[in-house]
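Notes follow the structure.
Numbering (UniProt numbering), first residue to last: 1 to 267.
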C-alpha cells in the first residue's frame, strides 16, 4: 500500500510571567498595586487569534491627586514577535492605550493612564492579542519584558518634565512550544503511527484529512481546525515530551494530510 502523510505544525505559544511587589518602609504604601494573578500572565496555550486579559488594581494613598502610569523595562524581543502581538489597556469602557508590543516597548517615558484622587482606587485591564494572520514562522520564538506601575511626578530644575515613580512591577515572558522529531513510525493496512517530541510537557492529538477532504487550517474551529477528522477526541491529556499516536480506520492507497496539536495544558 502507498500512503503519504505530510506534516505542518500548529503554533502554540506559552505565556507566563513573574511578579515581585516592591517593599515599602511605610505601613501603607503610597501606591497600592494588586495584580490579578502571580504570575500575571500564565496562559500556556496561546494561538494566533487568541486574547488573554488580566487586571491590575491600583489605590492612591499619597494624600493628593496622582496621574497613574505604566512603563516597560528590560524588554527583549530578538525575533520581532512583538510586531505580531497587540496590547490594549482599558479602564472600564475607556481605552488608554492600544498598539503592538514593539511600540509599547518604545514608550520609555511611561504611558499615562488616569488620575486618581487620594484614597481612590481603580482597575486597569491589560489584554494581549496574538494577531490571527501570524504564520508558522514565529513558532518557538521568545519575547519578554518587565511591567512597572506608578505615578508621574514633576522633575526638578524647572524644566516642566515628568518622571514615573513606580511601586509595583511584574515580568512577562512569551515562549514558544516547539514540536520536533515528528515522523511516520509505522504503517499497517488500516492504521499509521506518528511520533514526535515537544520541548515542554504537552498533550497529544492529531487532526487529519484524506486527499479528497478539506484540510484548510482554521484556528477558530477547534477541535477539527478545518480538517475532517481528529484523533483522539478528547485529546490525550497526559502531559509529556515524548508522544506517539496510532490513527485507526484509514483507507488503503490514500494520501492523508495531518497536523499535530499540542497544548501545555489540557484544552
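Positions of the beta carbon are idealized from the N, C-alpha and C atoms, including for glycine.
- A contact between stretches requires three or more CB pairs, one per stretch, nearer than 8 Å, and the stretch 71-88 meets this requirement with the stretch 104-121.
- In this structure, the beta-carbon distance from residue 151 to residue 68 falls below 9 Å.
- Assigned with DSSP and collapsed to three states, residue 40 falls in coil, not helix or strand.
- The beta carbons of residue 79 and residue 30 sit no closer together than 9 Å.
- Counting along the chain, no alpha helix (DSSP H) covers residue 184; the unbroken beta strand (DSSP E) around it starts and ends at 179-187.
- Minimum Cα-Cα distance from residue 120 among the listed residues 186, 59, 197, 229 corresponds to 59.
- Taking a cut-off of 8 Å on C-beta distances, the stretch 49-57 touches the stretch 126-143, as three or more cross pairs fall below it.
- Residue 146 counts as buried, since no fewer than 16 other beta carbons sit within 10 angstroms of its beta carbon.
- DSSP, reduced to helix, strand and coil, places residue 150 within a strand of the structure shown.
- Under the 8 Å Cβ criterion, the stretch 209-226 does not count as touching the stretch 174-190, having fewer than three qualifying pairs.
- The C-beta of residue 189 has fewer than 16 other C-beta atoms within 10 Å across all chains shown, which makes the residue exposed.
- Relative to residue 93, the option among 122, 101, 66, 214 whose CA is nearest is 122.
- For residue 197, the closest of 177, 213, 212 by C-alpha to C-alpha distance is 177.
- In this structure, the beta-carbon distance from residue 209 to residue 227 falls below 9 Å.
- Separation of the CB atoms of residue 191 and residue 245 is rounded to 10 Å, and the pair is thereby denied contact status at 8 Å.
- Judged by beta-carbon spacing, residue 56 lies beyond the 9 Å limit of residue 138, meaning their Cβ atoms are not closer than that value.
- A Cβ-Cβ separation of about 6 Å places residue 100 in contact with residue 82 under the 8 Å criterion.
- Counting along the chain, residue 126 sits inside the beta strand (DSSP E) bounded by residues 121-130.
- For residue 204, the enclosing beta strand (DSSP E) begins and ends at 192-210.
- In the three-state reduction of the DSSP assignment, residue 134 falls in the coil class, being assigned neither a helical nor a strand state.
- Of the other Cβ atoms in all chains shown, 16 or more fall within 10 Å of the Cβ of residue 66; this residue is therefore buried.
- A check of alpha carbon separations from residue 212 across 114, 118, 264, 256 identifies 256 as the nearest.
- Residue 111 and residue 97 have their C-alpha atoms some 8 Å from each other.
- Contact annotation: residue 266 and residue 203 have beta-carbon atoms nearer than 9 Å.
- Spatial neighbours of residue 199 in its own chain (CB-CB distance under 6 Å, excluding positions within 5 residues in sequence) are listed in chain order as 178.
- Under the DSSP assignment, residue 102 falls in the alpha helix (DSSP H) whose first and last residues are 101-106.
- Going by DSSP, residue 265 is part of no beta strand (DSSP E) at all; its letter is neither H nor E.
- When DSSP states are grouped into helix, strand and coil, residue 83 belongs to the helix group.
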